[in-house]
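Asker:
There are 2 protein chains.
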Amino acid sequence: MYNLLMKIGLGQINPTVGDFNLNSAKIIDLIEEARHEKADLVVFPELCLTGYPPEDLLLKPKFIADNRLALEKVAKAAGGIAVYVGFVHQEKGVLYNAAAFIEDGKVKEIYHKMNLPNYGVFDEKRYFLEGNKCSIISYKGLKIGLGVCEDIWVEKGPYEEEIKKGAQLILNINASPYHVGKIKEREELLKRRAKKYKATFVYVNMVGGQDELVFDGGSMVFDRRGNLIAACDQFREELLFVDLDKDRITGWQWLEEPEEIYRALVLGVKDYVIKNGFSEAVIGLSGGIDSALTLAIAVEALGKDRVHAVFMPSEYTSEQSYRDAKKAAENLGVEFAEIPIKAVFSHYLEALNPNFKGKPADITEENLQARIRGNYLMALSNKLNWLVLTTGNKSEMSTGYCTLYGDMAGGFAVIKDVPKTTVYRLADWLNKKQTVIPEAIIKRAPTAELKPNQTDQDVLPPYEILDPIMQAYVEDNKSVKEIVALGFDAKIVEKIVAMIDRSEYKRRQAPPGPRITPRAFGKDWRVPITNHFKE
Amino acid sequence: MYNLLMKIGLGQINPTVGDFNLNSAKIIDLIEEARHEKADLVVFPELCLTGYPPEDLLLKPKFIADNRLALEKVAKAAGGIAVYVGFVHQEKGVLYNAAAFIEDGKVKEIYHKMNLPNYGVFDEKRYFLEGNKCSIISYKGLKIGLGVCEDIWVEKGPYEEEIKKGAQLILNINASPYHVGKIKEREELLKRRAKKYKATFVYVNMVGGQDELVFDGGSMVFDRRGNLIAACDQFREELLFVDLDKDRITGWQWLEEPEEIYRALVLGVKDYVIKNGFSEAVIGLSGGIDSALTLAIAVEALGKDRVHAVFMPSEYTSEQSYRDAKKAAENLGVEFAEIPIKAVFSHYLEALNPNFKGKPADITEENLQARIRGNYLMALSNKLNWLVLTTGNKSEMSTGYCTLYGDMAGGFAVIKDVPKTTVYRLADWLNKKQTVIPEAIIKRAPTAELKPNQTDQDVLPPYEILDPIMQAYVEDNKSVKEIVALGFDAKIVEKIVAMIDRSEYKRRQAPPGPRITPRAFGKDWRVPITNHFKE
């Protein structure tokens, strides 16, 4: 056996796409801190110099050049220490998703990621060429095997070869997006790899929100027996030091599910708002649970003074909705404004009357009310520079139970990937310590209040039935037949699947929102609008 | 030398994604016609059984199974003739972009596309594995080399090997989307390949609109000396027969540019509307050139009785706008309705007054007017099942000179990829035979008429300057430095590029529209919203 006399810093940072000054400054700050702490090596996430995913910015030569300059700045700052950091390497006109091992101010080795994900939310083959060689470097008496992200997920990856060649310590840097339960998948995989290869595995992940993706951090280290010996929190920046031969942790617990989702949403909102240059947000409160939960998340993300609630009653709005909305805002300490839509609505109807040719009221009038509200929120946004946060959940986004340019209008859709049943779970969890979301809101039958005595269940099956069907179809990619075989009524399954299919055009014009499930309506959902396929 | 005693049918069809019944019926109809004409072989486009691009429908096992059944149906219908047709082949759990050579009712050979495009609008590596072997088959005394689309664009593709092995006739089937000038690139390439390899090249392309893509057809055959011996029209379905040893054509001309673009837009609109189950469309006419051109395209695509024009004047709308809009509708024989927005607008302002805290009028009030119009059009759409066609051009979509949920609200954005200067060229071309777009509209300075005496050039440089800068940045991916080096004012270039960068959030919520340039705001433009990169 050998000793692992090495102190490593896990640099779990939150970079911003394209912000080379910010990203390199963050890295350099932590390098300095690590040197001060007498660490031997500090490890940063995949592509953390550029931010992830840089998408088509990678096609710009200046972007690549700036990234290279940032790497050089980082290298220069790394005197007397080693650094492993992700960047884009251009060689012979080709781009690689790369990582540099820097030792005492010099780039000693550049590794090219060998396994490029091109599925789900990932498009890495659009930009990068696969690397074709493993990298082992010797540093302070240890043999260190290099790699990036996906390299650890494949069964016969570069690490296997590196281990065969004597690697004792494995570095794996990541930009691995969050979804429910992902951290435990990572933990199990790393444990398995460490045990199998009898090597120490250092896994460093990015943290932060980037458009629809939330990187959850949760960096960790496993020793050669497969014991977790260091772990960073999820959802926050951290520089954690680990003495490989000394440190042990026991009883480490990741966040439990409703809280984990809540933290992901909070970080997603915070980073979208702040990184896009906004400081305040506005939310239309309906008196329902979706907008109340969205408000709570926004307040946690931005602070109560930076969030504005607007209640926009129509002739169908109940007294209860007013009371509950007001109470939700009060509970959170948020400014509450009221803008009635009735007068504008009736003027619209009057103007449209000649064109409607005596046709009866239908979904048109419902959508119109939602759109008037959307207009008010956007007017406030334009005038006061508040970002509009929309409040639709995934059950609605799936089935199209939402209004394009109405309740869908806004910059960021906070709970668009949260199924309604999870909305309830989040509300219950939030209320555990003290009542945040008025209990009356939670107890009440969900309603859009766009016509008299309306409830969601006029059109949709109960959410306890809708959600698992929706999740089976959208997230698990199951067919109607397979879903029916799970024990659901065939008619209901067919109806829901048809609703999901024909709502694609709405989703295409929806704002982005944080992904928390294995498959969200975003980069990992690429479905044609023009589509005659029938399940 | 050998004789090419073969009569081939080029089956340039317009399939619909996921419509296996329709697609196989189209193919079978043409097979029957080809047999009746005593053709030896009939060739259909890439993935024409599924439609292209099927995107994530490819992840559904039932989709793949239905596609296979459709292939079997086609094979069964191909007694006494040969057919080359694109489909998805599943083998050992992996998908291939494949083509079947069917002879006398039996699948004789299956070719797997060896070069998978994963750039621009293409994501083929998301779904398919590359094939790894060439296919030559012998049929009626000729050696035929098989391949699909991209295979012909690479320098050392499968065809080179097939030629070495004696192929005399090359089949290349495509789902190649249109952009300006693409047909000539294809023609030159095919001519070059045919000459170099001294073989006959049969190139069959798909035709039709699929969301943002327009496939333009233009199938063609080159003899072994590089002479064009057969060519299908662009933008329409066709079954063209060619006797390889006999047929010659001389002086073939593809469509010239403004007309070619016009035909692409018309087909894009027609297929989007019809394939999505609409039969009528509505357009907000402003009295400006964009909406007038959009109206003309819609009338050509759908017929004048299926298109509705709505004029929505505000207090800033001039008499001239009314006259010009009315005349544009009259010229095209389209129903013209008028819905003033003034009353609703003033009610909005009144309701917002307490929230606006005495702030002066700004872009907010302008956007609000555009959004009221958007609401009216959407209300008509909801009530009467008319698809809203939006009228914004690419110069506006680039710079963000448009209102989200306002003039951007609708199902299909007809000219979103057409720069303003091309809008003028199209209008002039349209007016050549008779005045379609009133000359007053063409002559007038462009204005959004959202405040007094407004013109586009209050905010934007003249379109003759804006468009080439925009095109250099967006379509040619040039940097600010490179664009300035082309001779443009640095300040103007920087301003335009900054406008383009910061409008990404709007484009993300825009409806799709037909792509006519080498790079549109769609699948080939994947730029993060959260983006601190500065040119």
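Heads up: the sequence lines are chains G and Z, in that order. Residue numbers for the first sequence follow our numbering, beginning at 1 and rising by one. Residue numbers for the second sequence follow our numbering, beginning at 536 and rising by one. Where a beta carbon is used, it is the ideal one built from N, C-alpha and C, also for glycine.
Less than 8 angstroms separating the beta-carbons of residue 118(G) and residue 653(Z)?
Answerer: Yes.
Asker: First and last residue of the beta strand (DSSP E) that includes residue 334(G)?
Answerer: Unbroken run through residue 334(G): none, as it is neither H nor E.
Asker: For residue 997(Z), count neighbouring Cβ atoms within 10 angstroms of its own Cβ and tell me buried if that reaches 16, exposed if not.
Answerer: By the neighbour-count rule (16 or more Cβ atoms within 10 Å), residue 997(Z) is not buried but exposed.
Asker: For the structure I just gave you, are there three or more beta carbon pairs, one from the segment 1013 to 1022 of chain Z and one from the segment 930 to 949 of chain Z, closer than 8 angstroms?
Answerer: They do not touch, by the three-pair rule.
Asker: Taking the Cβ atom as the reference point for each residue, do residue 57(G) and residue 18(G) lie within a distance shorter than 8 angstroms?
Answerer: It is a contact, given that the beta carbons lie within the stated cut-off.
Asker: Where do the N-terminal and C-terminal ends of the alpha helix (DSSP H) with residue 1036(Z) fall, by residue?
Answerer: Element bounds for residue 1036(Z): 1025 to 1037.
Asker: Using a cut-off of 8 angstroms between C-beta atoms, extract the partners of residue 590(Z) located in chain G.
Answerer: By Cβ distance, chain G contributes 526, 527 and 528.
Asker: Closer than 8 angstroms, Cβ to any Cβ of chain G: which residues of the segment 625 to 657 of chain Z, in chain order?
Answerer: Cβ contacts with chain G come from 653 and 654.
Asker: Is the shortest distance between the beta-carbon of residue 793(Z) and the beta-carbons of chain G less than 8 angstroms?
Answerer: By this cut-off, residue 793(Z) is not an interface position.
Asker: When the Cα of residue 126(G) is compared with those of 1065(Z), 940(Z), 1060(Z) and 615(Z), which residue comes out closest?
Answerer: Minimum Cα distance to residue 126(G) is reached at 1060(Z).
Asker: What is the rounded straight-line gap between the Cα of residue 1048(Z) and the Cα of residue 746(Z)?
Answerer: If you take the alpha carbons of residue 1048(Z) and residue 746(Z), they lie about 7 angstroms apart.
Asker: Among residues of its own chain, excluding the 5 on either side of residue 106(G), which ones have a beta-carbon nearer than 8 angstroms to its beta-carbon?
Answerer: Closer than 8 angstroms at Cβ, skipping near neighbours: 75.
Asker: In this structure, what does DSSP give as the bridge partners for residue 200(G)?
Answerer: For residue 200(G), which the question treats as bridged, DSSP gives the partners 169(G).
Asker: Pick out whichever of 742(Z), 731(Z) and 725(Z) has its Cα sitting closest to the Cα of residue 765(Z).
Answerer: When each option's Cα is compared against that of residue 765(Z), the closest is 725(Z).
Asker: Can you pull the chain G residues whose beta carbon is under 7 angstroms from the beta carbon of residue 898(Z), in chain order?
Answerer: Those are 382, listed as they occur along chain G.
Asker: Enumerate, from N- to C-terminal direction, the unbroken alpha helix (DSSP H) stretches of 4 or more residues contained entirely within the segment 708 to 765 of chain Z.
Answerer: The qualifying runs are 717 to 732.
Asker: Kindly say whether residue 911(Z), judged by its beta-carbon, lies nearer than 8 angstroms to any beta-carbon of chain G.
Answerer: Taking Cβ atoms only, chain G reaches closer than 8 angstroms to residue 911(Z), which makes this a yes.
Asker: Using a Cβ cut-off of 7 angstroms, which residues of the segment 735 to 759 of chain Z contact any Cβ in chain G, in chain order?
Answerer: Correct list: 745 and 746.
Asker: For a contact defined as C-beta to C-beta under 8 angstroms, what are the partners of residue 1044(Z) on chain C?
Answerer: Absent from the structure is chain C; the protein chains it does hold are G and Z.
Asker: Can you tell me whether DSSP reads residue 598(Z) as helix, strand or coil?
Answerer: Correct three-state label for residue 598(Z): helix.
Asker: When every heavy atom of the ligand HEM is checked, does at least one fall within less than 7 angstroms of the C-beta of residue 655(Z)?
Answerer: Among the ligands in the structure shown, none appear at all, so the ligand HEM cannot be discussed.
Asker: Which whole-angstrom value is the C-beta distance of residue 101(G) and residue 78(G), which I expect to be below 8 angstroms?
Answerer: Residue 101(G) to residue 78(G), Cβ: 10 angstroms. No contact.
Asker: Quick one: Cα of residue 494(G) to Cα of residue 469(G), how far?
Answerer: Looking at the two C-alpha atoms, the distance is approximately 10 angstroms.
Asker: Below 7 angstroms CB to CB, which residues in the same chain sit around residue 247(G) once its five sequence neighbours on both sides are set aside?
Answerer: Around residue 247(G): 229 and 230.
Asker: Quick check on the burial criterion: 16 or more other C-beta atoms within 10 angstroms. Buried or exposed for residue 256(G)?
Answerer: By the neighbour-count rule (16 or more Cβ atoms within 10 Å), residue 256(G) is not buried but exposed.
Asker: Can you name the residues of chain Z whose CB is closer than 8 angstroms to the CB of residue 179(G)?
Answerer: By Cβ distance, chain Z contributes nothing, its closest Cβ being about 17 angstroms from residue 179(G), past 8 angstroms.
Asker: Residues in its own chain within less than 6 angstroms of residue 391(G) by CB, not counting five upstream and five downstream?
Answerer: Once the five neighbours on either side are set aside, the close Cβ partners of residue 391(G) are 290, 291 and 294.
Asker: Please go through the same chain and pick out, in chain order, the residues whose beta-carbon is closer than 6 angstroms to the beta-carbon of residue 66(G), but skip the five residues on each side of it.
Answerer: Closer than 6 angstroms at Cβ, skipping near neighbours: 20.
Asker: Can you find a C-beta in chain G that's less than 8 angstroms from the C-beta of residue 923(Z)?
Answerer: So no, residue 923(Z) is outside the interface.
Asker: From the DSSP output, which residues share a beta bridge with residue 388(G)?
Answerer: The partner list for residue 388(G) (beta bridge, DSSP) reads 282(G).
Asker: Any Cβ of chain Z within less than 8 angstroms of the Cβ of residue 61(G)?
Answerer: Yes - at least one Cβ of chain Z is within 8 angstroms of the one on residue 61(G).
Asker: By the 7 angstroms beta-carbon criterion, what residues does the segment 1002 to 1019 of chain Z contribute toward chain G?
Answerer: Per Cβ criterion, the list reads 1012 and 1014.
Asker: Going by the beta-carbon positions, is the gap between residue 664(Z) and residue 703(Z) smaller than 8 angstroms?
Answerer: Not closer than 8 angstroms, so no.
Asker: Whole alpha helix (DSSP H) runs in the segment 662 to 702 of chain Z with 4 or more residues, listed along the chain?
Answerer: Taking only runs of at least 4 residues, the alpha helix (DSSP H) segments lying wholly in the segment 662 to 702 of chain Z are 693 to 699.
Asker: What distance in whole Å lies between the Cβ atoms of residue 581(Z) and residue 656(Z), which are believed to be in contact at a cut-off of 8 angstroms?
Answerer: Wrong, their Cβ atoms sit about 14 angstroms apart, outside the cutoff.
Asker: When you compare each of 182(G), 161(G) and 9(G) to residue 37(G) by their alpha carbons, which one comes out closest?
Answerer: For residue 37(G), the nearest C-alpha among the options comes from 9(G).
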